[in-house]
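In the working numbering, the protein residues as written are 2 to 299.
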Amino acid sequence: MKKDFLKLNDLTKVEVLELLKQATELKQFKINGTSHKPLEGKTLGMIFNKNSTRTRISFEVGMFELGGHSLFLTPDQMQLGRGESIADSARVLSRYLDGILIRTFDFKEIEELAKHASIPVINGLTDLNHPIQIMSDLFTIQEKLGHLDDIKIAYVGDGNNVAYSWINAAAMFNLRLSVACPASCKPELPKEISIPDSIEITEDPITAVKDADVIYTDVWVSMGQEETNKKVSLLKPYQINQPLVDAAKAETLVMHCLPAHREMEITSEVLEGKHSVVFEQAENRLHLQKALLKKLLS
Ligand code: CP
Ligand code: NVA
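Have a look at this one:
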């Protein structure tokens with residue numbers, strides 16, 4: 002029976018913890034130069050309907066390092082871009098490939114693809130969610146703090162796809178999560194879970210970062226959204242800057258899924274400062290995704 006990864010809840014907490022453990026091992030293999038190729042002869046198709054640096058390259062390199070192969074596909078070069086249905090495309094691709102990674106706009110497109118594919122489908126970001134990012138971020142946090150127990154995450158900024166996946170992760174791991182955003186930028190709440198009291202949505206960034214182990218932000222204008230002066234000016238008080246970092250725990254981690262817009266959602270001073278783990282966070286995408294690929298495609 003094939004297994005998809007469309008949202009965090011497609012895995013159990015035990016399965017996610019197992020992947021974090023596996024990612025630690027795969028990271029060590031890479032550091033030691035140990036060859037590990039469980040995906041020899043396997044091919045991942047990667048459909049990108051939106052731009053990407055980290056997701057595309059880390060999946061492509063990940064497949065290579067695991068002994069497999071990847072194909073970068075864009076709908077405008079496939080018949081998908083000329084009206085062939087997602088259902089038919091899924092059935093055809095399933096006869097060539099061993100897995101599909103897809104980044105697109107509407108989450109329903111991914112569900113449709115997964116429904117008709119007989120091979121695993123992995124969500125590489127939609128307008129709704131970005132589960133692979135957050136699973137990888139849990140790996141970084143566990144690596145940095147040594148555990149995931151009773152930690153507080155402050156997500157400050159636009160209530161977007163990344164915020165949505167944080168809400169899912171906080172519910173799964175019983176994390177304290179405070180999302181600070183303007184009233185008009187509040188995140189959609191996942192329907193697939195009940196939202197525990199440990200998750201709060203506030204308009205006050207200082208309240209959100211109080212006692213936070215992690216301060217997290219993302220771009221103010223996501224791919225596919227229109228940038229307006231109104232949205233940018235509403236979000237200005239939610240910038241991650243030094244005074245905001247100083248209001249959190251002394252050892253707080255600063256995270257950003259990247260790409261960053263310096264002096265917008267985060268200052269350069271903070272991005273380059275001692276609390277920031279953003280580049281290790283980006284690196285860890287590779288290790289965690291290799292663990293997921295190994296689980297789903299082996
Ligand atoms: N964080 C992230 O998904 O980056 P890319 O858009 O570069 O893939
Ligand atoms: N929220 C951002 C994340 C980019 C990785 C976007 O969807 O553009």
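Backbone N, C-alpha and C fix where the C-beta goes; we use that ideal spot for every residue, glycine too.
So, at 6 Å on beta carbons, what are the nonlocal neighbours of GLU228 in its own chain, with the 5 sequence-adjacent residues on each side left out?
Around GLU228: VAL222.
May I ask which residues mark the beginning and end of the beta strand (DSSP E) holding ILE267?
Counting along the chain, ILE267 falls outside any beta strand (DSSP E), and DSSP gives it neither H nor E.
Do you know how far the Cα of VAL246 is from the Cα of ILE207?
If you take the alpha carbons of ILE207 and VAL246, they lie about 9 Å apart.
Under 7 Å: does the beta carbon of GLN290 sit that close to some heavy atom of ligand 1?
Checking the Cβ of GLN290 against ligand 1 gives no.
Check whether the region 249 to 256 and the region 264 to 279 are in contact - that is, three or more C-beta pairs closer than 8 Å.
Yes, they touch.
Just confirm the distance between the C-beta atoms of PRO188 and ALA164, as a whole number of angstroms; I'd bet it's less than 8 Å.
With 8 Å as the limit, PRO188 and ALA164 qualify as a contact, their Cβ atoms being about 4 Å apart.
Roughly how many angstroms separate the alpha carbons of ARG83 and THR56, rounded to a whole number?
Roughly 25 Å separates the two Cα atoms.
Assuming THR218 contacts ILE142 (C-beta within less than 8 Å), just tell me the rounded distance between them.
Contact between THR218 and ILE142 fails: their C-beta atoms lie close to 15 Å from each other, not under 8 Å.
Quick one: what does DSSP say ALA170 is sitting in, helix, strand or coil?
It is helical.
ALA118 versus ASP205 - alpha carbon distance:
Distance between the alpha carbons of ALA118 and ASP205 is about 44 Å.
How would you label GLY34, buried or exposed, when you count the other beta carbons within 10 angstroms and need 16 or more for buried?
That one is exposed.
Nearest by alpha-carbon distance to ASN162: which of ASP77, ASN50, ALA115, VAL220 is it?
Proximity to ASN162 across ASP77, ASN50, ALA115, VAL220 peaks at VAL220, based on C-alpha coordinates.
Start and end of the alpha helix (DSSP H) containing ALA209?
Segment 206 to 210, the alpha helix (DSSP H) holding ALA209.
When you compare only the Cα positions, how much space is there between ASN175 and MET224?
Taking the straight line joining both Cα atoms gives about 30 Å.
Given this structure, state the Cα-to-Cα distance separating ALA261 from PRO76, to the nearest angstrom.
C-alpha of ALA261 to C-alpha of PRO76: approximately 26 Å in a straight line.
Neighbouring residues (CB closer than 7 Å to any heavy atom of ligand 1)
The chain-ordered list of residues whose CB is nearer than 7 Å to some heavy atom of ligand 1 reads ASN52, SER53, THR54, ARG55, THR56, ARG57, LEU126, HIS131, GLN134, CYS258, LEU259, PRO260.
Cutoff 8 Å; reference SER53; Cβ partners in own chain excluding five residues on either side:
If the five residues before and after SER53 are omitted, its C-beta is found closer than 8 Å to the C-beta atoms of ARG104, GLY125, LEU126, all from its own chain and listed in chain order.
Please check the pair LEU293 and PHE108, which I expect to be a contact at CB under 8 Å, by giving their CB distance rounded to whole angstroms.
About 18 Å separates the two Cβ atoms, so there is no contact after all.
Touching by the beta-carbon criterion (3+ pairs, under 8 Å), the region 25 to 42 and the region 90 to 98
Touching, no, given that fewer than three Cβ pairs across the two stretches are closer than 8 Å.
Would you say the beta carbon of ASN124 is closer than 7 Å to some non-hydrogen atom of ligand 2?
No, the Cβ of ASN124 stays beyond 7 Å of every heavy atom of ligand 2.
Give me the Cβ distance between LYS153 and ASP214, rounded to the nearest whole Å; I'm assuming they're in contact under 8 Å.
Going by Cβ atoms, the distance from LYS153 to ASP214 rounds to 5 Å, so yes, they are a contact pair.
Residues near ARG263 in its chain [Cβ-Cβ closer than 8 Å; skip 5 each side]:
Result list for ARG263: SER269, LEU272, in chain order.
Where GLU110 sits in the DSSP three-state scheme
Looking at GLU110 - three-state DSSP - the assignment turns out to be helix.
At a cut-off of 7 Å, would you count SER223 as near ligand 2, judging by its Cβ distance to the nearest heavy atom?
Remark: the C-beta of SER223 is in contact range of ligand 2, defined as less than 7 Å to any heavy atom.
Check VAL246 in the structure and name its three-state DSSP category.
Here VAL246 sits in helix by DSSP.
Using the Cβ count rule (16 or more neighbours within 10 Å means buried), how would you classify MET64?
Flag for MET64 reads buried.
Taking DSSP's pairing of strands, which residues face MET47 in a bridge?
Partner(s): PHE73, LEU102.
Flag this pair as yes or no: are the beta carbons of LEU178 and ILE168 separated by less than 8 Å?
Closer than 8 Å, so yes.
At the 8 Å Cβ level, is ASN33 part of the contact set with chain C, yes or no?
Reference to chain C is not applicable here, since this structure consists of a single protein chain.
Comparing the CB of ASP219 with every heavy atom of ligand 2, is any distance shorter than 7 Å?
Within the cutoff, so yes.
Less than 8 Å between the beta carbons of TRP87 and ILE101, yes or no?
One detail in the question is off: residue 87 reads as Ile in this sequence, not Trp. No, the pair does not count as a contact, with Cβ atoms beyond the cut-off.
Residue of PHE73, GLY42, LEU67 minimising C-alpha distance to LYS51:
Per the Cα distances, PHE73.
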